[in-house]
Structures are given as C-alpha cells and as structure tokens.
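Have a look at the structure below, then the notes.
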Amino acid sequence: MDSSVAPKMEMIGIGDHIQTRKVSTHRRSSRGGWNAAILIIFVEIAERFAFYGVSGNLISYLTKELHQPTVAAAKNVNTWVGVSTLFPLLGAFIADSYLGRFKTILISSLIFLSGTVLLTLSVSVFPLHWRKSLFFVALYILSVGEGGHRPCVQTFAADQFDEDSPEQRKEKSSFFNWWYVAIVTAATAATLLIIYLQDNIGWTVGLGVLAGVLGVALAIFLLGTKKYRKEGPPGSPFSTVAQVFVAAARKWRVDETRIGWDVYHGDQSSGALPYGQPNAQIFARTKQFRFLDKAMIIDNNNDASSKTRNPWRLCSVNQVEEVKLVLRLIPIWFSCLMFNVVQTQLHTYFIKQGSTMLRSIGPHFQLPPASLQALTGIIILITVPLYERIFVPIARKFTEHPSGITVLQRIGVGLFLSIINMVVAALVEAKRVSIAKENNLVDNPKAVVPMVIWWLFPQYMICGLSDAFTIVGLQELFYDQMPEAMRSIGAAAYLSALGVGSFLCNAIISIVQAISSRGGEKWLGDNLNRAHLDYFYWVLAGLSAFSLCVYVWNALRFVYKNVDWDKVSKGRILQQNPYPV
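To convert, note that position 462 of the sequence shown is 500 in the numbering used here; the numbers rise steadily by one, no gaps.
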C-alpha cells in the first residue's frame, strides 16, 4: 500500500449493531501523478516505436526477402499480430496473480529487447539457410515480450493517478487521450524513419536502431523506480470470477426474493472487499444478471450455521458486482472484432496496393509504400488534441457529460467510420484496376500503374479517424469498467480483440479464396491487377455494417458501473465478520 495513505479505525454505532469503519486520510504524496506517468510513457513509446518498426513493413520483407506469396505473407503478418495481442492475457494473469505490474513490465521489456537484438542478427549475421527460421523465432520472442508489456504499462501509468481525488480523476480521463497521442507519435516516427532505413539502407540498420532505442528507454524507466506508486499483485482474478459462478450454481434453488434472506457484504480478512487498496471501489447492487445474486445470499441452513465462510459458497456483494462488470464487457468485445479486421488491412493489402502505384516524390525519391501508414498517425495526432480541446468542451455544453459524449458513443462513431473506410477503399481499388486495364497492365503484376499513390490518402485518413474514436474509447472503457484488481486483464482483453480480429481476418481471407476459386478466379491472387481486392473490401464493409448493428444493440443495453463514491470518500464500512477465515 502507498505510504501516503494513513488508515485509522473507529467504531461506530448504527442501530443495535456495532460496526467498524475504516477512515482513510490522504496527504499529498511525492509519488505518482504526471511526473511518474511520463517516465512510464517513455518505455511505451520505445516499445511502440519498435513494434511498428517491425510490423509496418513486415509484409514487404516476407514477400521481397523471403519470397512468400502475397496471401501467405498477409496471413503470416495477421497471425503474428494476433499472437502478439493474445499473449497479453497470459501476461496480465501473471502480473495480477504473482509479479505485480512493475516487475512484469521490467521482465517483459528485457525479453522484448532480446527479441529485437536476435531479429537484427537474423537479417545480418546468420547464413541464409538459417535466416528464415531465426527470423520467425525472434518475431515470436517479441510476442512474448508484448504479452507482459502491453496489458501492464498503460494500467501502471493510469494507476499513478489517485481515483479518490476528483482532480486526479479528471487528469486520468485526459491521460488516455494523451497516452494514445504518445504511442501514435512513436508509431508514425517508425513508419517514416525505420521503414525508410529498411527500404533504402538495409534491414540490419533499421532493426539495429530499434534495439538501441529500446535500451535507452528501459534505462529511463528504471530511473523513475522510486517515483512510482506500486501495488502488489491483488491475486488471481479468475478465482474470484469462478467463486461467484460456483456459489451461484450451488444455490440455484435458493429464492432470492424470499423475505428474511440476508446478503453478505464482505469482511476485511477474507479480502471480499478491497481493503487496504487506496483506490478501492465499493459497488452498488444492480439488477442485471440477477442469477448471480444467489452467490451473495446467506443461506440460513448452511452459511449461517458454519463457523467459517466458504468462498466457493458465499461471496460478497462487491465480488458479485465485479463479475457482473466483466460480463457486461463481453458483448462489446465481440461487437468490435470486425473493426479490428478492417484495421489489419493497414499493414497488409493497403501496402500491396501502394506498391503497384506511382510513388515518386521529385526526381530521385521513391516513397516506401509502407510509409503511407504515417498518414494515419498524423491524422490521429491532429484529431485527438482537437477532440480533447475543442469537441469535448462544446459537446459538454449540450450533453452535460464530463467527456462530452459517452465512451460507448465514441466507440460507435469509430465503428461507423470503419465501414466508410472499406467503401472508400473498394472504390479506389476499382479505379486502380480500371486504369491498369486501360494501360494493358492486367497481366504484368510488377508494372507500375499510372496512378499516384495519394489516391490512397482517403482510406488512410479515415483509418486514423476511426482509430482516434474507437481505440481510445476501448482503452478507457476496458480500464474504467473493469474491477480494479482486474485492470491488467481489462487491458489484455481490449488487446485480445485486436488479436482475434487478425485471426478472423485470416479466416475471412480463406473463405473468400475458397468461394471465389469456384468461380474460376481468386479474388486475392498475387497479381492485384487481375485480382478483385475491391470485392474483398465490399465484403468487409458489409460484415462491418452488420457488426455495427449488433454493437448498437449491445450498447443500448449496457449498464455502466455504479460506484458508491460516498462510501469511497468516507472510508469502507465493514460489517463485523461472522465467518472468520
């Protein structure tokens, strides 16, 4: 627990009962706040710089250096991105159950750095017959490092702001916007600098720069060790969830509407309430998922007669409400999968489109096709500050909502924009193919189509706009609406949607290839001039429209968490424990 919190206990009388109330007195601490969060942001900037320095041009390396077919290369990129965003579920579990966020970040950063060094060696030192195997081994070492890094860094940085302070709660809301600006800046710099080095100087230099940046950032992160607000691992969140389901199942015959039933509010020693955590929250009871309420009912025939509380039979109100929070997020998670399918095109087929077009800037410079991803980053860097400084204050006057619009509305806007993105991409690709036909280039896949690459600007721009709404919104939603002890899991869950979206994209590609081949010509062949990539984009637009409808239905039924801030500010009121552990 942070040393700035000095708890004291006092006995209070309520009716005929004596209860213990914990009163927390806070004094301003030198730890935490923006001073600490900025140092954490540095290590995230370096990691994002390195990740996008690899992923941004990966399809080019696979097709040009390792000579893989376009479809196989796209699937390999999607698989690697998918694995990299699913490993955080394991990393979050380890952080919450055993190591804590600080130690997990440190260890995973070292793993990520070692993977980058091996990646650099695989493209330079090792002979060609080993190169491919070592390259993929290094890639998946990066995935392991991502697994511990991604779910913990943002959560650890957000933890530097005290939720019991209204001023710091407001700062935390802005933090998510500026956090995203920082990592997008890193990604944009990588797509401009690193991809240029890879295409024009060599992959050894490009990847070597990434390793150097990671080493410097890790040193900066360690300099702030004494400034951070740290909390130990709260314990396995999966056990907490499992206990509620088991307890509810064991009492399925109990009628919760029966008069005389009491509910269990928790106790200090059992850990049912988050006692001892400075940012702990107490949730009010909700009517959603009523079948779980049976877990909190004190069964007079069993629980009341027992000398010790069985956590697999009786759970606190707070514990049940925490599980409800998790269940509410699952439909939103599923509704956003197609958004991530659309975003994966940024690293795969958008780049292949650009590689067939005119890319000259002046007489001597050829724009690397993967560098066009920087446009997406630039749009985000413009959009997020405008959203924070202009849109939110104006919208707040009409909606009276502190954030201008709700986080679910923000996500929905981004999902709608992703549909528009695919429509525009399909129209531009149809135009590119028609120009190729006019110039008799259909059967010449290596020829440059006389169409400037800036035709792709609209789809990259819309991609950035949709990112600024949906990704930031998902980050805030999965941090804010998860129980505090499960926030690393929340960050991992949001990231896992990206990973599952990548795998879903692979599945859609396989289905499209199988169905289109029956007609005689595959839509996604190596020769984009003869392929029908525009048809593929129309399929994604249709699936995204259906997904948006599902999202709206889920969002209208979503219940935001109900924190009893009055109890939080006065301290936790704990009932005398009838079930000592």
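Yeah, the Cβ is synthetic: ideal placement off N, Cα and C, and Gly gets one too.
Rounded C-alpha distance that separates residue i from residue j
{"i": "residue 66", "j": "residue 526", "result": "Per-residue confidence for residue 66 stands at a pLDDT of 47, beneath the threshold of 50, marking its modelled position as unreliable; no derived number is given."}
{"i": "residue 596", "j": "residue 533", "result": "20 Å"}
{"i": "residue 519", "j": "residue 570", "result": "42 Å"}
{"i": "residue 328", "j": "residue 350", "result": "18 Å"}
{"i": "residue 370", "j": "residue 399", "result": "43 Å"}
{"i": "residue 426", "j": "residue 104", "result": "44 Å"}
{"i": "residue 544", "j": "residue 233", "result": "25 Å"}
{"i": "residue 635", "j": "residue 439", "result": "Outside the displayed span of the chain (39 to 619) sits residue 635, for which this structure offers no information."}
{"i": "residue 142", "j": "residue 394", "result": "43 Å"}
{"i": "residue 332", "j": "residue 357", "result": "12 Å"}
{"i": "residue 469", "j": "residue 565", "result": "16 Å"}
{"i": "residue 467", "j": "residue 437", "result": "40 Å"}
{"i": "residue 138", "j": "residue 193", "result": "11 Å"}
{"i": "residue 227", "j": "residue 91", "result": "9 Å"}
{"i": "residue 457", "j": "residue 346", "result": "56 Å"}
{"i": "residue 482", "j": "residue 517", "result": "50 Å"}
{"i": "residue 542", "j": "residue 548", "result": "10 Å"}
{"i": "residue 237", "j": "residue 118", "result": "21 Å"}
{"i": "residue 415", "j": "residue 598", "result": "31 Å"}
{"i": "residue 387", "j": "residue 494", "result": "12 Å"}
{"i": "residue 181", "j": "residue 126", "result": "9 Å"}
{"i": "residue 506", "j": "residue 497", "result": "14 Å"}
{"i": "residue 271", "j": "residue 135", "result": "5 Å"}
{"i": "residue 612", "j": "residue 244", "result": "At residue 612 the pLDDT is 38, less than 50, meaning the model places this residue with poor confidence and gives no usable figure here."}
{"i": "residue 99", "j": "residue 396", "result": "20 Å"}
{"i": "residue 460", "j": "residue 278", "result": "41 Å"}
{"i": "residue 71", "j": "residue 264", "result": "13 Å"}
{"i": "residue 435", "j": "residue 444", "result": "14 Å"}
{"i": "residue 281", "j": "residue 503", "result": "42 Å"}
{"i": "residue 315", "j": "residue 588", "result": "Note that residue 315 scores a pLDDT of 44, beneath 50, so its modelled location is shaky; the value from the coordinates is reported in the next line. Roughly 37 Å separates the two Cα atoms."}
{"i": "residue 382", "j": "residue 474", "result": "25 Å"}
{"i": "residue 274", "j": "residue 334", "result": "20 Å"}
Beta-carbon spacing of residue i, residue j below 8 Å
{"i": "residue 409", "j": "residue 536", "result": "no"}
{"i": "residue 289", "j": "residue 330", "result": "no"}
{"i": "residue 578", "j": "residue 251", "result": "no"}
{"i": "residue 183", "j": "residue 150", "result": "yes"}
{"i": "residue 266", "j": "residue 140", "result": "yes"}
{"i": "residue 367", "j": "residue 449", "result": "no"}
{"i": "residue 75", "j": "residue 198", "result": "yes"}
{"i": "residue 500", "j": "residue 405", "result": "no"}
{"i": "residue 585", "j": "residue 376", "result": "yes"}
{"i": "residue 355", "j": "residue 524", "result": "no"}
{"i": "residue 337", "j": "residue 292", "result": "yes"}
{"i": "residue 214", "j": "residue 514", "result": "yes"}
Burial state of residue i, where buried means 16 or more other Cβ atoms lie within 10 Å
{"i": "residue 682", "result": "The chain is shown only over 39 to 619; residue 682 falls outside these bounds and no answer can be derived."}
{"i": "residue 385", "result": "buried"}
{"i": "residue 165", "result": "exposed"}
{"i": "residue 509", "result": "buried"}
{"i": "residue 317", "result": "Because the pLDDT at residue 317 is just 47, under 50, the model does not fix this residue reliably, and the value given afterwards should be weighed accordingly. It counts as buried."}
{"i": "residue 567", "result": "buried"}
{"i": "residue 61", "result": "Unreliable positioning characterises residue 61 in this predicted model, as indicated by a pLDDT of 38, which lies under 50. The coordinate reading is nonetheless provided below. With fewer than 16 other Cβ atoms within 10 Å, it is exposed."}
{"i": "residue 422", "result": "buried"}
{"i": "residue 575", "result": "buried"}
{"i": "residue 373", "result": "buried"}
{"i": "residue 85", "result": "buried"}
{"i": "residue 116", "result": "buried"}
{"i": "residue 403", "result": "exposed"}
{"i": "residue 189", "result": "buried"}
{"i": "residue 407", "result": "buried"}
{"i": "residue 476", "result": "exposed"}
{"i": "residue 558", "result": "exposed"}
{"i": "residue 80", "result": "buried"}
Cβ-Cβ separation, residue j to residue i (assumed contact under 8 Å), whole Å
{"i": "residue 446", "j": "residue 593", "result": "5 Å"}
{"i": "residue 269", "j": "residue 321", "result": "Not confirmed; about 19 Å, so no contact."}
{"i": "residue 158", "j": "residue 249", "result": "6 Å"}
{"i": "residue 352", "j": "residue 285", "result": "6 Å"}
{"i": "residue 179", "j": "residue 83", "result": "Not a contact, Cβ separation roughly 21 Å."}
{"i": "residue 132", "j": "residue 186", "result": "7 Å"}
{"i": "residue 540", "j": "residue 120", "result": "4 Å"}
{"i": "residue 78", "j": "residue 257", "result": "About 14 Å; that fails the 8 Å criterion."}
{"i": "residue 108", "j": "residue 484", "result": "In fact, because the Cβ distance is near 12 Å, the residues do not count as touching under 8 Å."}
**Q.** Sequence ranges, alpha helix (DSSP H) only - wholly within the stretch 271-296, length at least 4
**A.** Those alpha helix (DSSP H) runs which fall completely within the stretch 271-296 and span 4+ residues are 275-288.
**Q.** Runs of beta strand (DSSP E) lying entirely within the stretch 428-495, each at least 3 residues, in chain order
**A.** 487-490
Q: Would you mind listing the alpha helix (DSSP H) stretches within the stretch 226-278 that are 4+ residues and don't spill past its ends, in chain order?
A: 233-238 and 241-261
Q: Can you check the stretch 141-175 for any beta strand (DSSP E) of at least 3 residues that lies completely inside it and give the ranges in chain order?
A: none
Q | Start-end ranges of the alpha helix (DSSP H) lying completely within the stretch 317-385, minimum 4 residues | A | 355-373 and 375-382
Q.
I'd like the ranges of any alpha helix (DSSP H) spanning at least 4 consecutive residues and lying wholly in the stretch 517-555.
A. If we require 4 residues or more, the stretch 517-555 turns out to have no alpha helix (DSSP H) run fully inside it.
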